[in-house]
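Down below is the structure, laid out as structure tokens.
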Amino acid sequence: MPYSRVLEVYREHLSCELVYFPDPLLLHQGHMQWLFDHEGNRYLDFFSGIVTVSVGHCHPKVNAVAQKQLSRLWHTSNLFFHPPIHEYAEQLSALLPDPLKVIFFMNSGSEANDLAMLMARAHSTNTDIISFRGAYHGCSPYTIGLSNVGQFKMKLPSGEGCQSTMCPDVFRGPWGGSHCRDSPVQTIRKCSCAPDCCQAKDQYIEQFKDTLSTCVGKSIAGFFAEPIQGVNGVVQYPKGFLKEAFQLVQERGGVCIADEVQTGFGRLGSHFWGFQTHGVLPDIVTMAKGIGNGFPMAAVVTTPEIAKSLAKSVLHFNTFGGNPMACAIASAVLEVIKEEKLQENSLEVGTYLLLKLAELRDEFEIIGDVRGKGLMVGIEMVKDKASRQPLPREEVNQIHEGCRRMGLIIGRGGLFSQTFRIAPSLCVTKPEVDFAVDVFRAAVSQHME
Ligand code: PMP
């Protein structure tokens, strides 16, 4: 099909509102961290789908396992057993601390968070659920009430019982605190934020308590948090905030849910799960994206008590959840992460990337902030460092397109789509980081000319 016809089909039949670039990329092939378009042009994929291809496109080991399973058994439904689900359940549960040992398999992050919401309400017998402004937990009719990202038009009346609370964003929020973040850039090269940095956490906790007090009967069913916000532009909280917030919720009989859809499976480098970087123990962990390296797969892991509460109030059933293909692929992904030491690579190469980007931040007035952990990195673009006003969308678009023209794919996020998001497959190398940073520097420089 010629590219002109592809564009017509896209306009006539596909509802892809979020497609990047006026002339969208037509991708034909992928190999590890590289993508190839219909003309054979090569791109370094620094967004891996949307933070999804964890071990590389078409990884040979994952492909071989998928092909073997494809010729053996595709589907059984939840009515029968099959080996891949039992093998994977053992592997996955071993990665989570006690008492997080009961797994429910699903197909997407939204589905996983839907189920977590049901669990929180069933277990606590309360109704109100709190999430951060700027959070993204999905766009199913249930989770849409938890997602508060400005760039999405989530104005539908589906959020009954959903309360949004101020996001403890130390770059955009009112109380400073940027160097309180748990990030190599802040640790090694302190940024020049307000000296009252450490007080920021306390101010955000006060706000959080205010939200808790507005819940029906002052009781709460659940609190959802991404360990680092992804769609909102790689937003990190002040150190210690999440631990205190979890305590406040649990003291009130609520359930804490760590949404690990983007942050899990070693992406943050220092730990396998994002919640571990905050020193908290959630009651429910939801996961998707990287678990299947792009194959539809998701899971909710919880405690036996919460699983029992759910069973008392609803029969949970999912036709495709935990199907043989998804489980076999997810097992292979885990083996690759372990064998190729990809979590360790994420820490090493991610730290290298963050420090190189911090140099760019010092070089360019319009790079306001560089942040993140491991291979989940954000570059926030501003009009100037003093005002921190977001760089207008058209200007961010130009830099984004410049990168793509020079062979680099990166993502976007944030309320004004002003933050570039970088999340390559965990197998990325330092020379590839050098290439990406050079391209980004060139795209920003061209824009400034
Ligand atoms: N939670 C988070 C943190 C996400 O980033 C996303 C997807 N961007 C979801 C949930 C929803 O996942 P899905 O698109 O698979 O439904």
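Residue numbers (the working numbering): 67 to 515.
No residue lacks a Cβ here, since even glycine has one placed at the ideal position from N, Cα and C.
Is it a yes or a no for the region 347-359 touching the region 169-179, going by three-plus beta-carbon pairs under 8 Å?
yes
Measure the alpha-carbon distance for arginine 77 versus valine 321 and round it to whole angstroms.
Numbered from its first residue, the sequence shown carries residue 77 at position 11. Numbered from its first residue, the sequence shown carries residue 321 at position 255. Arginine 77 and valine 321: Cα-Cα distance of roughly 43 Å.
Alpha-carbon to alpha-carbon, threonine 417 and proline 250
In the sequence shown, counting from the first residue as 1, residue 250 sits at position 184. In the sequence shown, counting from the first residue as 1, residue 417 sits at position 351. Cα to Cα, the separation comes out at about 6 Å.
Residues that tyrosine 109 bridges to, as DSSP identifies them:
Looking up residue 109 in the sequence shown gives position 43. According to DSSP, tyrosine 109 bridges with Leu101.
What are the residues that DSSP puts in a beta bridge with histidine 123?
Mapped onto the sequence shown, residue 123 falls at position 57. DSSP, once it has assigned bridges, lists Met98 as partnering histidine 123.
For ligand 1, enumerate in chain order all residues having a CB closer than 6 Å to any of its heavy atoms.
Ile116, Ser174, Gly175, Ser176, Asn179, Tyr202, His203, Gly204, Glu292, Gly296, Val297, Asp325, Val327, Gln328 and Ala354
How many Å lie between glycine 360 and histidine 125 at the Cα?
Taking the sequence shown and counting its residues from 1, one reaches residue 360 at position 294. Taking the sequence shown and counting its residues from 1, one reaches residue 125 at position 59. Each residue's Cα considered, the two are about 11 Å apart.
Our contact map puts asparagine 214 next to phenylalanine 237 with C-beta atoms below 8 Å; I'd like the distance itself, whole angstroms only.
Here residue 214 corresponds to residue number 148 of the sequence shown, with the count starting at 1. Here residue 237 corresponds to residue number 171 of the sequence shown, with the count starting at 1. About 17 Å; that fails the 8 Å criterion.
State yes or no: is the C-beta of glycine 480 within less than 9 Å of the C-beta of isoleucine 488?
Within the sequence shown, the letter at position 414 stands for residue 480. Within the sequence shown, the letter at position 422 stands for residue 488. No, they are not a contact pair.
Which same chain residues, not among the five before or five after glutamine 252, have their C-beta less than 6 Å away from its C-beta?
Within the sequence shown, residue 252 is the residue found at index 186, counting from 1. Around glutamine 252: His245.
Between which two residues does the beta strand (DSSP E) harbouring aspartate 325 extend?
Here residue 325 refers to the residue found at position 259 of the sequence shown. Segment 321-325, the beta strand (DSSP E) holding aspartate 325.
Taking proline 490 and leucine 441 to be in contact with their CB atoms under 8 Å, please state how far apart those CB atoms are, rounded to whole angstroms.
Numbered from 1 along the sequence shown, position 424 holds the residue referred to as residue 490. Numbered from 1 along the sequence shown, position 375 holds the residue referred to as residue 441. That belief holds up - the Cβ atoms of proline 490 and leucine 441 are roughly 6 Å apart, short of 8 Å.
Determine the burial state of leucine 80: buried for a count of at least 16 other Cβ atoms within 10 Å of its Cβ, exposed for fewer.
By 1-based counting over the sequence shown, the position of residue 80 is 14. By the neighbour-count rule (16 or more Cβ atoms within 10 Å), leucine 80 is not buried but exposed.
Mapping DSSP to helix, strand and coil, what is glutamine 512?
To locate residue 512, count along the sequence shown from 1; it is residue 446. Glutamine 512: helix per DSSP, three-state reduction.
Cβ contact (3+ pairs, closer than 8 Å) linking the region 422-442 and the region 132-142:
no
Beta-ladder partner(s) of cysteine 82, from DSSP:
Position 16 of the sequence shown holds residue 82. In the DSSP output, where bridge partners are listed per residue, cysteine 82 has none listed.
By a C-beta neighbour count over all protein chains shown, 10 Å radius and 16 as the cutoff for buried, is lysine 305 buried or exposed?
Here residue 305 refers to the residue found at position 239 of the sequence shown. Label assigned to lysine 305: buried.
According to DSSP, is arginine 199 part of a helix, a strand, or is it coil?
Here residue 199 is taken as the residue at index 133 of the sequence shown, counted from 1. Three-state result, arginine 199: coil.
For glycine 204 and glutamine 133, I'd like the C-alpha separation in whole angstroms.
Residue mapping note: residue 204 aligns to position 138 of the sequence shown, counting from 1. Residue mapping note: residue 133 aligns to position 67 of the sequence shown, counting from 1. Taking the straight line joining both Cα atoms gives about 30 Å.
Let me know if histidine 466 comes out buried or exposed under the rule of 16 or more other beta-carbons within 10 Å of its beta-carbon.
Translated into the one-based positions of the sequence shown, residue 466 becomes position 400. Looking at its Cβ environment, which holds 16 or more other Cβ atoms inside 10 Å, histidine 466 is buried.
Opposing strand residues paired with glycine 288 [DSSP bridges]
Along the sequence shown, read from residue 1 onward, the residue named residue 288 stands at position 222. Answer is Ile195 and Val321.
Taking all protein chains shown into account, do 16 or more other C-beta atoms lie within 10 angstroms of the C-beta of methionine 67, making it buried, or fewer, making it exposed?
For the purposes of this step, residue 67 is identified with residue 1 of the sequence shown, where counting begins at 1. With fewer than 16 other Cβ atoms within 10 Å, it is exposed.
Quick check: the Cα distance between tyrosine 69 and threonine 231, rounded to an integer number of angstroms?
As a working mapping, residue 69 is identified with position 3 in the sequence shown. As a working mapping, residue 231 is identified with position 165 in the sequence shown. Approximately 45 Å, taken between the alpha carbons.
Can you find the residues in the same chain that come closer than 6 Å, C-beta to C-beta, to glutamate 371, ignoring five residues on each side of it along the sequence?
Within the sequence shown, residue 371 is the residue found at index 305, counting from 1. Cβ neighbours of glutamate 371 beyond the five flanking positions: none.
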